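See below for the structure under consideration.
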Amino acid sequence: MIKNLNSLILVGLGGALGASLRFGIGQFFKTYFFHNYFFISTFIVNIIGCFLIGYLISVTQNKNISQDFIKYFFIIGILGSFTTFSTFSLEAIEMINENKTSLALIYIFLSLILCLLFTFIGLNFNKIIS
2 MIKNLNSLIL VGLGGALGAS LRFGIGQFFK TYFFHNYFFI STFIVNIIGC
52 FLIGYLISVT QNKNISQDFI KYFFIIGILG SFTTFSTFSL EAIEMINENK
102 TSLALIYIFL SLILCLLFTF IGLNFNKIIS
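Positions 2 to 131 (my numbering) are the ones given, in order, by the sequence shown.
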């Protein structure tokens with residue numbers, strides 16, 4: 002029971018932090034860089050999150066690191082709320098509904114390819130830099 006309660010607290014704290022980071026980054030990009038391209042912040046956040054998830058999974062291979070803390074606080078909590086498939090999906094549908102089908106298809110294609118690529122890079126980052 003205690004482990005589950007600790008895990009719940011770690012996920013909750015991480016989730017609050019991840020959602021706040023996503024909101025802040027989204028507001029920053031919308032305000033200073035991409036006024037008319039609302040989806041760019043989601044795109045960037047998801048790519049960063051995919052890299053970090055891959056990297057943190059590879060880090061947990063090291064037995065000297067608290068796997069529970071990384072799993073519950075960082076991966077499930079922070080990165081689970083930082084990345085957002087639901088917003089990505091909504092933005093793609095909104096583009097289609099606004100007759101921006103080509104833009105939606107590019108967004109969908111690049112999101113899927115780059116998120117998978119950056120997850121792979123994250124998983125192999127230590128091998129790449131050494």
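Beta carbons: idealized from backbone N, C-alpha and C, even for Gly.
Since this is a predicted model, take the numbers as computed values, not measurements.
Requested in this report: To the nearest angstrom, report how far apart residue 85 and residue 62 are at their CA atoms.
Outcome: 26 Å
Query raised in the report: Roughly how many whole angstroms lie between the Cα atoms of residue 80 and residue 91?
Result: Answer to the nearest angstrom: the Cα atoms are 19 Å apart.
Query raised in the report: What distance in whole Å lies between the Cβ atoms of residue 109 and residue 133, which are believed to be in contact at a cut-off of 8 Å?
Result: The first residue shown for the chain is 2 and the last is 131, placing residue 133 beyond what the model contains.
**Report entry** Extent of the continuous alpha helix (DSSP H) to which residue 92 belongs
**Finding:** 86–98
Query raised in the report: Does DSSP classify residue 128 as helix, strand or coil?
Result: Note: residue 128 maps to helix in three-state DSSP.
Query - Local conformation of residue 101 per DSSP, three classes - result: coil
Query raised in the report: Exposed or buried, residue 25, counting other C-beta atoms within 10 Å across all chains shown (16 or more means buried)?
Result: That one is exposed.
Query raised in the report: Going by C-alpha distance, which of 104, 119, 71 is nearest residue 39?
Result: 104
Report task. Measure the C-alpha to C-alpha separation of residue 106 and residue 6 and round it to an integer number of angstroms. Result -> 42 Å
Report task. Look at residue 48 and residue 126 and say whether their C-beta atoms are less than 8 Å apart. Result -> no
Query raised in the report: So residue 121 packs on residue 50, CB below 8 Å; how close in whole Å?
Result: With a Cβ gap of about 14 Å, residue 121 and residue 50 do not count as contacting.
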